[in-house]
Amino acid sequence: MSGVYLSKGLYPEEFLRPTVNFIRDTQLPCGSVPWFGGSYADPWDHVEAAMGLSIGGEFAHAVSAYRWLKDIQLADGSWWAAYKDGEVHNSERRESNFVAYFATGVWHHYLISQDRDFLLEMYPTVQRAMSFVLDLQTEFGDIHWAVDTEGNAKQDALVTGCSSIYKSLECAYNISVTLGEARADWLQARALLGEALANKPERFDRTWESKARYSMDWFYPVLTGALDKKTAKLRLQQRWDQFVVAGMGCRCVSDEPWVTIAESCELVMALLAAGDRDRATELYSWLHQWRLEDGSYWTGYQFKQDVLWPDEKPTWTAAAILLAADALTEYSPASHLFNEVRLLSEETLLTPMEL
10 MSGVYLSKGL YPEEFLRPTV NFIRDTQLPC GSVPWFGGSY ADPWDHVEAA MGLSIGGEFA
70 HAVSAYRWLK DIQLADGSWW AAYKDGEVHN SERRESNFVA YFATGVWHHY LISQDRDFLL
130 EMYPTVQRAM SFVLDLQTEF GDIHWAVDTE GNAKQDALVT GCSSIYKSLE CAYNISVTLG
190 EARADWLQAR ALLGEALANK PERFDRTWES KARYSMDWFY PVLTGALDKK TAKLRLQQRW
250 DQFVVAGMGC RCVSDEPWVT IAESCELVMA LLAAGDRDRA TELYSWLHQW RLEDGSYWTG
310 YQFKQDVLWP DEKPTWTAAA ILLAADALTE YSPASHLFNE VRLLSEETLL TPMEL
């Protein structure tokens, strides 16, 4: 199915209910949401799936997802790269943007549920996670992308990863303000990181080949609010023809004939952030040809070979579909999260939190 055009106030709840159910039904009893049945879960994509559950009103399942991460958080505030069937699946590294994304998910769920008790429960986990992440920030503002098995920093930074952290710092700060404990240090770290993303390209991809061929490096600084709107519009326009295939979606990498649905959804939200609703709406309308009867979506389509590849229907792709629909229709109270930067001021403080 294709040609689903969404506008403000017209969230297709019936159409997207199977997509919510697909994520919910893939979730394990422990709360973990693997990529698909029998696969592993990584912290970033797990949080993405949890956000889809929140949009779908599956609050108990979303809370279970966040509690799973809370319960397995390591002493230094991090998580391993992947888990499977209750065990560590990849202990080679712990990635800073994976760890930071917990704050984005927690704030997203609070915006929708307004569950202050949930926010109080998760805040210590957020604090430990952000402490781990910011210990990896350099004097130049960029943040090392990971630590190895022994906890040693891998000395380089990723544009996409740091952009994701930039949004997570916004969310973490808003959590702290809401709970009466405004963390000015998080705000300062965010400003340093934003300066690096906007003005210090030499701080990224220092030890490996540039990742500029990846579409996420192109649009993530826009998606996460690291660029002003004028710069964001120009950035998206400059490489539009390299990445976007009309009638299909956004390529994962500029030099491969492969469009991917999750990246396309994220580009939809980046376009909204840049003020380009028309192209966002059109791009989203193309994506449902990759939908299956159970509401899931294929990872991507290799259009030179005319093959769906890989043979996977990830929960995080389904969640991206829901996030983009929410952003286009302004359905939930969290619909603005990836379209706008909204930093709370200390004047909005509620009663001091009770710990």
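Taken in order, the sequence shown gives residues 10 to 364; the numbers are from the numbering used here.
Ideal Cβ positions, reconstructed from N, Cα and C, are used throughout, including at glycine.
Own chain, CB closer than 6 Å to E130, minus 5 neighbours either side, in chain order: none
Range covered by the alpha helix (DSSP H) that runs through K239: K238 to Q247
Residue range of the unbroken alpha helix (DSSP H) whose run includes D157: It is not in any alpha helix (DSSP H) - D157 instead sits in the beta strand (DSSP E) that spans A155 to D157.
Own chain residues within Cβ distance below 8 Å of S212, not counting five before or after: One point to set straight first is that residue 212 is Arg, not Ser, in the sequence displayed. The residues are T147, F149, G150, D151, A166 and A205.
Cut-off 8 Å between Cβ atoms - residues of its own chain near T158, not counting five sequence neighbours on either side: S100, E101 and R102
Inter-residue Cα distance where the pair is W318 and T240: 34 Å
Whether V231 touches A181 by CB criterion (8 Å): no
Cβ separation of Y173 and A109, assumed to be a contact under 8 Å, to the nearest whole Å: Inspection of the sequence shows that residue 173 is occupied by Ser rather than by Tyr. Indeed they touch by this definition, with Cβ atoms about 7 Å apart.
Short Cβ contact (8 Å threshold) for I270 with W307: yes
P21 - DSSP class collapsed to helix/strand/coil: coil
Any 3 or more C-beta pairs closer than 8 Å across the stretch 339-358 and the stretch 80-87: no
Own chain partners of L196 with C-beta closer than 8 Å, once the 5 adjacent residues on each side are dropped: L178, Y182 and L352
First through last residue of the alpha helix (DSSP H) which encompasses T324: T324 to T338
Residue nearest to W154 in terms of C-alpha spacing, selected from E104, A50, A138 and Q123: E104
Alpha-carbon to alpha-carbon, Y132 and A207: 29 Å
Limits of the beta strand (DSSP E) - the one that C261 falls within: Here C261 belongs to no beta strand (DSSP E), and DSSP marks it neither H nor E.
Assigned secondary structure, E148 (DSSP; H/G/I helix, E/B strand, else coil): coil
Cα-Cα separation between E190 and L128, rounded to whole angstroms: 13 Å
Where N106 sits in the DSSP three-state scheme: helix
Cβ neighbours of S305 in the same chain (closer than 6 Å, five flanking residues each side left out): F31, K322 and A327
Sequence-distant residues of its chain with Cβ nearer than 6 Å to L120 (five each side left out): P342 and A343
Collapsed DSSP secondary structure at W44 in the structure displayed: coil
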